[in-house]
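Reading through the structure tokens given below for one structure.
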Amino acid sequence: MKPLAEQLRPQDLNQYLGQEHLIGQNGALRKSLQIGRLPSIILWGPPGVGKTTLALLLAKELDAPLYTLSAVNSGVKDVREVLATAEKKNLFETKRPVLFIDEIHRFNKGQQDSLLHAVERGYITLIGATTENPSFEINAALLSRMQVYVLNPHNIKDLSSMIDLANNIPYAKEHGLKITAHDFLIKQSVGDARKLYNLIELCFQQGKEGVVIDEHFAKKVLSNAQIRYDKGGDEHYNVVSAFIKSIRGSDPQASVYYLARMIEGGEDVKFIARRLIIS
Numbered sequence: 005m006k007p008l009a010e011q012l013r014p015q016d017l018n019q020y021l022g023q024e025h026l027i028g029q030n031g032a033l034r035k036s037l038q039i040g041r042l043p044s045i046i047l048w049g050p051p052g053v054g055k056t057t058l059a060l061l062l063a064k065e066l067d068a069p070l071y072t073l074s075a076v077n078s079g080v081k082d083v084r085e086v087l088a089t090a091e092k093k094n095l096f097e098t099k100r101p102v103l104f105i106d107e108i109h110r111f112n113k114g115q116q117d118s119l120l121h122a123v124e125r126g127y128i129t130l131i132g133a134t135t136e137n138p139s140f141e142i143n144a145a146l147l148s149r150m151q152v153y154v155l156n157p158h159n160i161k162d163l164s165s166m167i168d169l170a171n172n173i174p175y176a177k178e179h180g181l182k183i184t185a186h187d188f189l190i191k192q193s194v195g196d197a198r199k200l201y202n203l204i205e206l207c208f209q210q211g212k213e214g215v216v217i218d219e220h221f222a223k224k225v226l227s228n229a230q231i232r233y234d235k236g237g238d239e240h241y242n243v244v245s246a247f248i249k250s251i252r253g254s255d256p257q258a259s260v261y262y263l264a265r266m267i268e269g270g271e272d273v274k275f276i277a278r279r280l281i282i283s
């Protein structure tokens, strides 16, 4: 089965759930699209709030050529290659291309500086996605040439709509699967759509023909799931982020759950203590 997040990825802004303050009728990004020109921007928010999806949809709305890089595995050479390719195609003079850089905070000063000239001259529209505070992670010179927009964790209404969409995918229909554990799954996802879709997929995979995925079933599935906790990977940061958000949201059950995942995953107790202090 194709990943649920891919199956349900919105194809246009009308299908995009959440971030009404940005793409709603009076949203700042919506207004930019209406005049057909988007400034270079930073999309800042926790994991699973739709930063990448929004960036791709913005480029689509602008009907602009799109280039994508991940700061995790690219550098100055890759940036220069993208800019050279766009220039050869005469895009700087015709259609202003969009360069999307995921996890832009992972670029060092030199790598960020390589973007300055193209952004300053307006050759490209740069969209950077980050989970970190841009004021601390993005060079002042580059940041001063960009607008920062904050993406919020998904609310209950958005997450509930996502579950309804999942209930209507062909796989669920063909196998007679239906989720009724909305409240439980929403609580477990802590505003993270990616986490919600992963939980739903897990339930679908373990659900037999015609099963109703109620809270009891979902709890059993999650309790039997193998703990994933790569201390150097994305899941590590996702769990830590969810732990902090659970504490700040005064959710003791979720806090204990993510604390247990960190401990069982072998996390350093000093690291956990520091996270508790900043929470």
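Numbering-wise (this note's numbering), the sequence shown opens with residue 5 and increments by one. Beta carbons: idealized from backbone N, C-alpha and C, even for Gly.
Using DSSP's beta-bridge definition, name the partner residues of residue i.
i, result
"Q115", "According to DSSP, Q115 bridges with nothing at all."
"Q151", "I45"
"K182", "V216"
"A133", "L47, D106"
Looking only at its chain, what residues have a beta carbon closer than 8 Å to the beta carbon of residue i, apart from the 5 residues adjacent to it on each side?
i, result
"L146", "Q116, D117, L119, L120, V123"
"L169", "L12"
"N137", "W48"
Among the options, which has the Cα closest to the Cα of residue i?
i, options, result
"I27", "K224, Y175, L155", "L155"
"A82", "Q19, F104, E97", "As written in the sequence, residue 82 is Asp, which differs from the Ala given in the question. The residue with the shortest Cα to Cα distance from D82 is F104."
"R41", "E65, L21, D16, G54", "E65"
"S44", "P138, D106, R149, R125", "R149"
"I108", "V152, A176, D255", "V152"
"S227", "S250, S245, Y262, Y241", "Y262"
"L17", "I39, L58, I251", "L58"
"T135", "G269, L47, Q11, E10", "L47"
"P7", "A277, I251, P174", "P174"
Could you pull out every residue in the same chain whose Cβ sits closer than 7 Å to the Cβ of residue i, ignoring the five residues on either side in sequence?
i, result
"S193", "L163, K199, L200, L203"
"G52", "D196, A197, R198, K199"
"V225", "L206, C207, Q210"
"L114", "For the sequence presented, residue 114 should be read as Gly rather than Leu. Hits under 7 Å: V80."
"E219", "A185, F188"
"K191", "A258"
Could you tell me the boundaries of the beta strand (DSSP E) in which residue i lies?
i, result
"Y71", "70-74"
Ignore the nearest five residues each way along the sequence and tell me which others in residue i's own chain have a CB closer than 6 Å to its CB.
i, result
"Y127", "F96"
"H4", "Only positions 5 to 283 of the chain appear in the structure, and residue 4 is not among them; the question remains open."
"F111", "A75"
"H179", "E213"
"L291", "Outside the shown range of the chain (5 to 283) lies residue 291, about which nothing can therefore be said."
Output the boundary residues of the alpha helix (DSSP H) element that contains residue i.
i, result
"V86", "80-92"
"Q210", "197-210"
"Q268", "In the sequence under discussion, the amino acid at residue 268 is Glu, which differs from the Gln named in the question. First-last of the alpha helix (DSSP H) with E268: 256-268."
"Q29", "It is not in any alpha helix (DSSP H) - Q29 carries neither H nor E in the DSSP assignment."
"T57", "55-66"
"D168", "160-171"
"I128", "Where I128 is concerned, there is no enclosing alpha helix (DSSP H), given that its DSSP letter is neither H nor E."
"E141", "138-141"
"V273", "273-282"
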